[in-house]
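2 protein chains.
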Amino acid sequence: MASTARNRTTLQAEQIRERVLDTADRLYYSRGIHAVGMDALRDESGVSLKRLYQLFPSKEALIEAVLHRRRRVWNRLVEAAIATGRDTPRDQLLAVYDMLAHWFDEDDFRGCVFINTFGELGGTAPHIATLIREHKASFQARLADVVTKTGAPATLAHQLAILAEGAQTTAAIAGTNDAAHHARAAATTLIDTALAANRPQATTTTG
Amino acid sequence: MASTARNRTTLQAEQIRERVLDTADRLYYSRGIHAVGMDALRDESGVSLKRLYQLFPSKEALIEAVLHRRRRVWNRLVEAAIATGRDTPRDQLLAVYDMLAHWFDEDDFRGCVFINTFGELGGTAPHIATLIREHKASFQARLADVVTKTGAPATLAHQLAILAEGAQTTAAIAGTNDAAHHARAAATTLIDTALAANRPQATTTTG
DNA sequence: CGCAACTGAGAACGAGCGTTCTCAAAATTG
DNA sequence: CAATTTTGAGAACGCTCGTTCTCAGTTGCG
């Protein structure tokens with residue numbers, strides 16, 4: 008039982024898997040999915056086709072793995088943003104749009120992977136469409152958690168999610184991160200209006 | 008100069024061109040662009056490949072023609088919506104979201120063609136990316152026109168545009184038209200807040 | 001040491017892509 | 001009517017796709 012050797016090969020396999028996912032994510036994101044063949048993936052990752060198909064039984068499986076990883080990354084970003092919002096759930100919600108602004112500034116930003124993939128594959132790959140739908144639903148649910156803590160009605164969460172989605176596509180197409188700031192300003196108005204409406208005995212501020 | 012015959016053939020050519028565009032639009036929209044080959048276009052439109060290439064010198068030219076037509080259709084819908092808004096520019100802005108709600112209800116609704124196409128081709132076809140960028144910019148400019156008439160600051164137009172974009176992708180992925188109503192409610196809040204903030208002493212100038 | 005199993009890199013496969021070509025039928029012209 | 005041009009439908013081309021196969025080299029094990 009060469010356990011050391013086995014551990015080493017297993018570790019290597021995991022590293023190679025990560026390298027493949029890195030490469031696939033980068034190429035799919037920058038060029039679109041159909042435009043990136045398995046050959047290009049082999050060339051850019053340095054992993055042979057046979058190995059690729061050992062790790063992922065099909066291109067669709069690889070796409071799903073890439074999306075799953077992006078989902079984890081996205082969830083981490085959202086949680087980090089929420090953690091940044093210091094005290095109030097209001098700040099936590101607004102921190103999400105600050106996170107978006109930073110993301111939009113990245114050089115290779117080209118919109119939301121899930122939206123892009125839905126546009127390209129949503130009509131022909133139901134399994135992937137479902138995965139994307141679930142991802143977006145879970146983001147809305149997470150927003151709803153925080154919204155609930157503010158005491159505002161749940162409909163605010165849907166509005167805030169729409170702002171986030173719109174900011175992503177607008178920023179991607181326009182090539183600027185202005186949309187993040189516009190979305191943040193809109194979110195501020197929506198949140199404060201909802202909070203004011205929900206506290207009838209409180210004096211409406213904004214003098 | 009058989010002018011009658013020439014007119015007839017010209018007319019027929021235009022009808023055939025429209026048929027090709029109809030088919031291309033439908034197939035591209037429902038399946039994505041890369042997934043639809045010229046053969047599929049020939050089969051579904053009944054127009055031979057030679058004729059297709061007479062009408063459009065390349066697939067990219069056909070894609071651009073489809074996008075141009077969608078842009079005209081979109082502009083007509085927006086203008087019709089604005090015309091529906093009875094008196095005030097506020098109503099005109101909100102009517103855009105009613106238009107969206109109707110659109111989302113269509114059976115084959117699968118999001119915004121421009122957003123979908125940008126995700127699929129934006130990274131590799133700069134000419135198409137530019138066309139999409141210009142389309143979105145012109146929509147924002149149109150909203151800004153109406154926003155200006157309300158007397159609200161121009162930043163409101165960006166916020167409303169982001170809501171519209173977010174509603175389109177959200178509705179497409181979720182498969183419901185709820186997003187249109189959430190976006191409309193959010194738009195109402197944003198507009199009325201902007202108007203209230205902008206009218207401490209103002210006389211409304213609408214005649 | 002010798003044999004069986006496994007690995008790697010890349011060739012190869014069938015299918016589908018965008019595009020062009022063939023060639024018989026139709027239309028046009030003197 | 002005969003010669004010429006224009007058209008149509010689809011076969012064909014070269015390429016790339018996702019996937020599988022080949023086969024020389026390496027490893028594991030009695």
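In order, the protein sequences belong to chains R and C. Going by the numbering used here, the first sequence opens with residue 8, and the numbers climb by one from there. Going by the numbering used here, the second sequence opens with residue 8, and the numbers climb by one from there. A virtual CB, placed ideally from N, CA and C, is assigned to each residue, including glycine.
- For residue 143 (chain C), the nearest CB of chain R lies under 8 Å from its own CB, placing it at the interface with that chain.
- Non-local C-beta neighbours of residue 72 (chain C) in its own chain, meaning closer than 7 Å and more than five positions away in sequence, comprise 28 and 63, ordered along the chain.
- DSSP places residue 145 (chain R) in the helix class (H, G or I) of the three-state scheme.
- Taking a beta-carbon distance threshold of 8 Å, residue 126 (chain C) counts as an interface residue toward chain R.
- Between the C-alpha atoms of residue 192 (chain R) and residue 204 (chain R) there is a straight-line separation of about 18 Å.
- Boundaries for residue 161 (chain C): no alpha helix (DSSP H) harbours it, and the DSSP string shows neither H nor E there.
- By the criterion of a C-beta distance shorter than 6 Å, residue 174 (chain C) is surrounded in its chain by 107, 186, 187 and 190, once the five residues flanking it on both sides are discounted.
- Taking the CA atoms as reference points, residue 164 (chain R) sits about 52 Å from residue 57 (chain C).
- Between the alpha carbons of residue 95 (chain R) and residue 153 (chain R) lies a distance of about 9 Å.
- Residues of the region 26-40 of chain C with a C-beta atom less than 7 Å from some C-beta of chain R are 37, 38 and 39, listed in chain order.
- Between residue 24 (chain R) and residue 76 (chain C), the alpha-carbon positions lie close to 44 Å from each other.
- Look at residue 137 (chain C): its C-beta is not under 8 Å from any C-beta on chain R.
- Here the alpha carbons of residue 51 (chain R) and residue 123 (chain C) stand approximately 26 Å from one another.
- Secondary structure of residue 40 (chain R) (DSSP, three-state): coil.
- The beta carbon of residue 179 (chain R) falls within 8 Å of a beta carbon belonging to chain C, placing the residue at that interface.
- Measuring C-alpha to C-alpha distances from residue 21 (chain C) to each of C:202, C:194, C:61 and C:39 identifies C:61 as the nearest.
- The alpha carbon of residue 181 (chain R) has as its nearest neighbour, out of C:139, C:87 and C:112, the alpha carbon of C:139.
- With respect to the 8 Å criterion, residue 170 (chain R) and residue 169 (chain C) are classified as neighbours on the basis of their beta carbons.
- In this chain, the alpha helix (DSSP H) harbouring residue 126 (chain C) covers 120-128.
- For the pair residue 70 (chain C) and residue 135 (chain C), the CB atoms are nearer than the 8 Å cut-off.
- The criterion of a C-beta distance shorter than 8 Å is satisfied by residue 167 (chain C) and residue 100 (chain C).
- For residue 58 (chain C), the enclosing alpha helix (DSSP H) stretches over residues 56-62.
- Contact between the region 32-52 of chain R and the region 40-51 of chain C is present: three or more C-beta pairs spanning the two stretches fall below 8 Å.
- With fewer than 16 other CB atoms across the displayed protein chains lying within 10 angstroms of its CB, residue 93 (chain R) is exposed.
- Within a 10 Å sphere around the beta-carbon of residue 144 (chain C) sit fewer than 16 other beta-carbons, which makes this residue exposed.
- Pairing residue 177 (chain R) with residue 105 (chain C), the inter-Cα distance amounts to about 21 Å.
- Annotation: residue 200 (chain R) to residue 148 (chain R) spans about 21 Å, alpha carbon to alpha carbon.
- For residue 65 (chain R), no alpha helix (DSSP H) run applies, since DSSP gives it neither H nor E.
- In this structure, residue 121 (chain C) and residue 48 (chain C) do not form a Cβ contact; the two beta carbons are roughly 20 Å apart against a cut-off of 8 Å.
- The C-alpha of residue 126 (chain C) is placed about 11 Å away from the C-alpha of residue 132 (chain C).
- Annotation: residue 119 (chain C) to residue 146 (chain C) spans about 13 Å, alpha carbon to alpha carbon.
- Nearest to residue 81 (chain C) by C-alpha distance, out of C:195, C:65 and C:110, is C:110.
- Against chain C, the beta carbon of residue 190 (chain R) has neighbours under 7 Å at 169, listed in chain order.
- Taken through DSSP and simplified to helix, strand or coil, residue 116 (chain C) comes out as coil.
- At least one beta carbon of chain C lies nearer than 8 Å to the beta carbon of residue 117 (chain R).
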